[in-house]
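K.L.:
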Ligand SMILES: Cc1cc2c(cc1C)N(C[C@H](O)[C@H](O)[C@H](O)COP(=O)(O)O)c1[nH]c(=O)[nH]c(=O)c1N2
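Residue numbers (this note's numbering): 34 to 271.
1. Counting along the chain, where does the beta strand (DSSP E) carrying residue 241 start and finish?
2. Tell me whether residue 149 sits in a helix, a strand or coil according to DSSP, three-state version.
3. DSSP on residue 228, reduced to helix/strand/coil?
4. Spell out the partners DSSP gives residue 194 in its beta bridges.
5. Quick check: the segment 124-132 against the segment 174-194, are there 3 or more CB pairs under 8 Å?
6. By how many angstroms is the C-alpha of residue 221 removed from the C-alpha of residue 170?
7. Exposed or buried, residue 153, counting other C-beta atoms within 10 Å across all chains shown (16 or more means buried)?
8. Give the single residue among 204, 63 and 82 whose Cα lies nearest to the Cα of residue 102.
9. Apart from the five residues on each side of it in sequence, which residues of its chain come closer than 7 Å, Cβ to Cβ, to residue 163?
10. Are the beta-carbon atoms of residue 139 and residue 66 separated by less than 8 Å?
11. Any heavy atom of ligand 1 closer than 7 Å to the beta-carbon of residue 227?
12. Can you give the Cα-Cα distance for residue 88 and residue 183, rounded to whole angstroms?
13. Pull up the distance between the alpha-carbon of residue 76 and that of residue 146, whole angstroms please.
14. In this structure, how does DSSP classify residue 39 when only helix, strand and coil are distinguished?
15. State the CB to CB distance for the pair residue 148 and residue 219, rounded to an integer number of angstroms; the pair is presumed to be in contact (CB under 8 Å).
16. Kindly indicate which residue of 209, 240, 223 and 226 has the alpha-carbon position closest to the one of residue 111.
17. Alpha carbon to alpha carbon, how far is residue 160 from residue 172?
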């Protein structure tokens with residue numbers, strides 16, 4: 034396909050097979066806590082995943098992300114300890130049977146995953162005025178989350194599992210990674226090859242929460258109004 038900077042390239046739909054692959058990555062992606070294999074991830078693969086993340090959309094092309102690779106066992110052990118402290122506080126928010134169920138859940142795979150990765154957001158990148166960010170300062174954080182999702186989907190296609198761990202005190206992340214004040218740790222991710230994945234979210238399989246039906250979440254024009262023609266809400270080619 035021909036392209037030049039600033040030029041246009043043909044952009045029709047993918048072939049049926051290519052589309053199926055994209056939707057397969059989306060629907061079979063899982064958050065992984067227990068299935069990590071110990072094999073190290075080849076450097077070329079890690080670079081492909083970072084490339085996928087780096088191709089995410091970002092407000093004003095701000096690209097506020099950095100990628101901090103954490104492979105050292107001692108660093109993982111420190112973050113595992115930080116998780117345990119934060120998780121004890123999180124568990125205390127629940128009571129009775131709900132707490133017992135919470136305590137039975139595995140909510141991280143920090144030391145098992147061969148690679149941990151923190152994706153950060155530099156809130157000052159691009160200077161004080163960034164196109165698209167004037168009215169909503171948090172669009173830099175949203176952009177960073179787009180990078181996380183790109184990486185997560187690319188990882189699924191590569192046979193790599195990803196687990197997002199957010200049960201940390203931010204101060205522990207900052208201290209471990211030596212983050213400057215203007216840099217926010219958006220996502221702590223555990224990565225490793227997987228041979229198996231849960232067919233549905235693990236939290237659903239364990240009876241913690243359920244995937245909602247899509248239709249009641251779709252409104253038309255104003256909050257709460259069901260679409261007039263619900264069967265036409267699907268995209269082209271559906
Ligand atoms: C921002 C954010 C933060 C977290 C998560 C996700 C996201 C998006 N998830 C994973 C979450 O539980 C999972 O995505 C849902 O349960 C849906 O499952 P699948 O991702 O479809 O497998 C997650 N899981 C976990 O075990 N410990 C955690 O700390 C977190 N934190």
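Yeah, the Cβ is synthetic: ideal placement off N, Cα and C, and Gly gets one too.
P.N.:
Here's the rundown:
1. Along the chain shown, read from residue 1 onward, the residue named residue 241 stands at position 208. Neither: residue 241 is in no beta strand (DSSP E) and is coded neither H nor E.
2. Residue 149 sits at position 116 when you count from the first residue of the chain shown. Strand.
3. Position 195 of the chain shown holds residue 228. Correct three-state label for residue 228: coil.
4. As a first step, residue 194 is located in the chain shown; it is residue number 161 there, counting from the start. The partner list for residue 194 (beta bridge, DSSP) reads 225.
5. no
6. Locating residue 170 in the chain shown gives position 137, where the first residue counts as 1. Locating residue 221 in the chain shown gives position 188, where the first residue counts as 1. The straight-line gap from Cα to Cα measures roughly 22 Å.
7. Along the chain shown, read from residue 1 onward, the residue named residue 153 stands at position 120. It counts as buried.
8. In the chain shown, residue 102 corresponds to position 69, counting from 1. The shortest Cα separation from residue 102 among 204, 63 and 82 belongs to 82.
9. Here the question's residue 163 lines up with position 130 in the chain shown. Excluding positions up to five away in sequence, the list reads 92, 93 and 95.
10. For the purposes of this step, residue 139 is taken as the residue at position 106 of the chain shown. For the purposes of this step, residue 66 is taken as the residue at position 33 of the chain shown. Cβ atoms of residue 139 and residue 66: closer than 8 Å.
11. Position 194 of the chain shown, counted from the start, is the residue given in the question as residue 227. Checking the Cβ of residue 227 against ligand 1 gives no.
12. Here residue 88 refers to the residue found at position 55 when the chain shown is read from its first residue. Here residue 183 refers to the residue found at position 150 when the chain shown is read from its first residue. Distance between the alpha carbons of residue 88 and residue 183: 8 Å.
13. Your numbering for residue 76 matches position 43 in the chain shown. Your numbering for residue 146 matches position 113 in the chain shown. Using only the alpha carbons, I get a separation of about 15 Å.
14. Working through the chain shown from its first residue, we reach residue 39 at position 6. Of the three classes helix, strand and coil, the one that applies to residue 39 here is coil, per DSSP.
15. On the chain shown, residue 148 is found 115 positions in, with the first residue counted as 1. On the chain shown, residue 219 is found 186 positions in, with the first residue counted as 1. About 17 Å; that fails the 8 Å criterion.
16. Start at 1 with the first residue of the chain shown, and residue 111 comes out as number 78. The option with the nearest alpha carbon to residue 111 is 209.
17. The count along the chain shown starts at 1 and reaches residue 160 at position 127. The count along the chain shown starts at 1 and reaches residue 172 at position 139. Going by the C-alpha atoms only, they are around 14 Å apart.
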